[in-house]
Amino acid sequence: MKAALYIRVSTDKQASEGSSLEVQEEKLRKYCSFQNWDIFQLYADRGISGKDTERLQFQTLMKDAREKRFEVVVVAKLDRFGRSLRDLINTIWDLNAIGIQFTSINDNINTTTPNGKLLFHILGAFAEFEREIIRERMMAGIAKSRELGRIIGRVPMGYKVVNKKVCFDPEKAPRVKGIFNAYAAGETIWKISNQLQMKPSTVSYILKNQFYAEPRKNGTHEALVGKDLFDAIQPALQTTRRPYQPITPLVTNLNSTVNASPCV
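With my numbering applied, the sequence shown covers 1 to 264.
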């Protein structure tokens, strides 16, 4: 079996604690000799942390793996190979998917054996558990922010943030309001998008976005269009044909007037 050896050290302290490149290399070579594996190549990243995405030798190793130039990757410790548990598990899964096995000597993980595969799957379960916990915390935080009326992510077109306050964008707000007025007057999404040189999907997203019609709690932003108008056009947006007659006079100018208090 051909083995690819990967070693990495990021600090002088690691070198003094027995994690130097030389120590790692010696351990890997002895292990391969014991397993009777042929060494294909040694990949060494010097002075680079596990979180550094520019691990050039690591990238070369993964490229060679995709070309199936060896059959197993051998490392001294798991933390030499991955930036985090999740990243490590994903990388090993990627290797296994293309038929490359993985061995970490100090951690007794060897996916060429049944016991090693079992331990790897247990680690994978912990990584999945960690992902779910993080996801739940993120969702809870987002839900709480929305409950308090806070803005999540970027504000929609037609608004801008000034001094942590959401207010109308004097250049784009009239255009957005004009889109609502034009659609309510009977114009098609295609015609509106063509006139404004926007993607039809962008125009459709604007027309369906409740942000424009419903101010958040605590008055974090003003509505750009009336809720009655917003609700009236929603049924037509669910079909390819317009099932109702225009509810306002035809609007050909897509720039409307927007009255708003100053945002300071």
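The beta carbon of each residue, even a glycine, is placed where N, CA and C say it ideally should be. Predicted, not measured: the structure shown is a model, and the values here were computed from it.
| Item | Value |
| --- | --- |
| Contacting residues, own chain, Cβ-Cβ under 7 Å from Val75 (five flanking each side not counted) | Tyr6, Phe81 and Ser104 |
| Spatial neighbours of Asn209 in its chain, beta-carbon cut-off 8 Å, leaving aside the 5 residues before and after | Pro156 |
| Beta strand (DSSP E) segments (min. 3 residues) lying fully within the region 29–79 | 38–46 and 72–75 |
| Whole-number beta carbon distance between Ile92 and Phe70, since they are thought to touch under 8 Å | Rounded, the Cβ-Cβ distance is 15 Å, inconsistent with contact. |
| Thr103: first and last residue of the uninterrupted beta strand (DSSP E) it sits in | Gln101 to Ser104 |
| Inter-residue spacing [alpha-carbon to alpha-carbon] between Gln59 and Ile133 | 30 Å |
| Distance CB(Leu85)-CB(Asp107) smaller than 8 Å | no |
| Where the alpha helix (DSSP H) through Arg86 begins and ends | Leu85 to Ala97 |
| Cutoff 8 Å; reference Ser193; Cβ partners in own chain excluding five residues on either side | Lys199, Pro200, Thr202 and Val203 |
| Terminal residues of the alpha helix (DSSP H) in which Lys165 lies | Counting along the chain, Lys165 falls outside any alpha helix (DSSP H), though it belongs to the beta strand (DSSP E) covering Lys165 to Phe168. |
| Candidates Lys227, Ala182 and Leu61: closest to Leu95 by CA position | Leu61 |
| Helix, strand or coil at Leu196 [DSSP, three-state] | helix |
| Tyr205, buried or exposed, once every other Cβ within 10 Å from all chains shown has been counted against 16 | exposed |
| Contacts around Lys227, its chain only, beta-carbon distance under 8 Å, and the 5 residues preceding and following it disregarded | Ala213 and Glu214 |
| CB-CB length for Val161 against Thr112, believed under 8 Å | Rounded, the Cβ-Cβ distance is 54 Å, inconsistent with contact. |
| Paired residues, beta bridge with Leu5 - DSSP | Leu42 and Val74 |
| Buried/exposed call for Pro114, threshold 16 Cβ in 10 Å | exposed |
| DSSP beta-bridge partners of Asn294 | As displayed, the chain neither begins before 1 nor continues past 264, which places residue 294 out of reach and without an answer. |
| Beta-carbon proximity check, Leu207 vs Lys177, cutoff 8 Å | no |
| Buried versus exposed call for Gly158 [16 or more other C-beta atoms within 10 Å across all chains shown] | buried |
| Among Ile98, Gly141 and Leu229, nearest to Lys68 - alpha-carbon criterion | Ile98 |
| Reference Leu196; option with closest CA among Arg66, Phe211, Lys172 and Gly186 | Lys172 |
| Local Cβ density within 10 Å of Trp37, reported as buried at 16 or more and exposed below that | buried |
| Distance between Gly186 and Glu136 (C-alpha atoms, nearest Å) | 43 Å |
| Nearest to Gly47 (by Cα), restricted to the options Ile122, Leu56 and Ala4 | Leu56 |
| Ile133 in three-state terms, based on DSSP | helix |
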